[in-house]
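Per my numbering: the sequence shown = residues 932 to 1216. For every residue, glycine included, the Cβ atom is placed at its ideal position computed from N, Cα and C. For clarity, every value in this text was computed on a predicted model and none was experimentally measured. Remarks on the structure that follows.
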Amino acid sequence: MNNTLVNGMALLEVLAHSDRALGVSELAARVDLGKSNAHRLLQTLTELGYVRRDAATGTYAAAIRLWELGTAMLTHLDLRQLALPAMEALLARTRESVHLSVLDGDEVVYLHKLESPEPVRAYSAIGGRAPARCVATGKAMLAALGEAALGALAENLHAYTPKSITDAEAFLQEMAGIRTRGYAVNAGEWQETVCGVAAPIHDPAGGVIAAIGVSGPAERLRPGRFKALGAEVTKAADAVERALAGDTAPPAPIDPCAIGATASSIPLAPGRPILQEKEKRKASE
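Next comes the structure, spelled out in structure tokens:
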């Protein structure tokens, strides 16, 4: 085996299974590497987008790109599979494109999407990104953030379209409204011709881990439909939450309490085969 590759994968396995960010010394010890070698590998993984470094603490966490890498190969614990029945039902009820999203910093990443059967529909890609504050699924998740995180977001609100919210007070009021009614609306804030409605998905402990929503052309998703669609996406989110509660080992949550949410606790594969292989090789030496 290529030792550099093995060691890099071992670091990723540790970070992917960790519920917190880790420093270089602890990571080096966990994978039986010298600190300088671990630091070099972490730098490379950070440059590639698989690891995120917190400049303030010097610690590392797995990044959302691990989700993007494994979208076609996730196990039965996959949030997408648990959400799929609710997504299909939502598509059937609304005939609009359905999205399942998670937060990555100030962006959303689309984990899964079902296309509208209508000839004119909203276009996006699985694994694609969008500014969280300007799309419905993102707004639904952002509303769960703490006051400090929302305040930080409100300091830098540039416009993507004339309908983007750029006033800090208006943005904070929008977040409060989402919490009150239970769903979020995008009225052409990222792409002026596209609107959306979404609701947050909570884990059994009450934390927001994702959002489910519909989107479509503004000419079809008019304000008069928002309330009815809000009820539909809320119903879909409730169905996903019931599926999560009924699973003996649901997907680990992406913590929405800090704006730098990552996929550091999401299992990409059962067990830790690279670490196990390293341990076997060490024992045979």
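Other residues of its chain near residue i: CB distance less than 8 Å, five sequence neighbours each side excluded
i: Asp1037; result: Pro1062, Ala1063, Arg1064, Leu1084, Ile1190
i: Thr1097; result: Leu1088, His1089, Ala1090
Inter-residue Cα distance where the pair is residue i and residue j
i: Glu1019; j: Pro1148; result: 20 Å
i: Thr977; j: Tyr991; result: 9 Å
i: Lys1094; j: Pro1154; result: 14 Å
i: Thr935; j: Glu957; result: 18 Å
i: Glu1120; j: Ala969; result: 43 Å
i: Leu1042; j: Leu1160; result: 21 Å
i: Thr1165; j: His1133; result: 11 Å
i: Ala873; j: Thr988; result: Not covered by the structure: residue 873. The range shown for the chain is 932 to 1216.
i: Gly1108; j: Thr975; result: 42 Å
i: Thr1068; j: Asp985; result: 26 Å
i: Ile1057; j: Met1072; result: 18 Å
i: Ile995; j: Asp1035; result: 6 Å
Of the residues the options, the one placed nearest residue i, counting alpha carbons only
i: Gln1122; options: Gly1138, Leu976, Arg1052; result: Arg1052
i: Lys966; options: Ala1141, Val955, Val1039; result: Val955
i: Leu1076; options: Leu1103, Ala1129, His1030, Gly1059; result: Leu1103
i: Ser903; options: Pro1135, Phe1157, Val1128, Ala1023; result: As shown, the chain starts at 932 and ends at 1216. That puts residue 903 outside it, with no answer to give.
Unbroken beta strand (DSSP E) run spanning residue i, endpoints
i: Ile995; result: Run containing Ile995: none; DSSP gives neither H nor E here.
i: Pro1048; result: Element bounds for Pro1048: n/a, residue is neither H nor E.
i: Ser967; result: Not the beta strand (DSSP E): Ser967 falls in the alpha helix (DSSP H), residues 966–979.
i: Ile1096; result: Note, Ile1096: premise wrong, no beta strand (DSSP E); not H, not E.
i: Gly1147; result: 1139–1148
Neighbourhood of residue i by C-beta distance below 7 Å, restricted to the same chain and skipping five residues each side
i: Leu1013; result: Val1171, Ala1174, Leu1175, Asp1178
i: Leu964; result: Asn938
i: Met1004; result: Low local confidence applies: a pLDDT of 44 at Met1004 is under 50, so the model's placement there is unreliable, with the coordinate-based value given in what follows. Excluding residues within five positions, none has a Cβ falling inside 7 Å.
Cβ-based neighbour list, residue i, same chain, cut-off 6 Å, excluding 5 preceding and 5 following
i: Glu1027; result: Ser1047, Val1145, Gly1147
i: Arg1110; result: Ala1074
i: Ala1168; result: Ala1130, Ile1132, Ile1143
Opening and closing residue of the alpha helix (DSSP H) in which residue i lies
i: Leu1021; result: 1010–1025
i: Asp1169; result: 1154–1177
i: Ser956; result: 955–961
i: His948; result: 934–948
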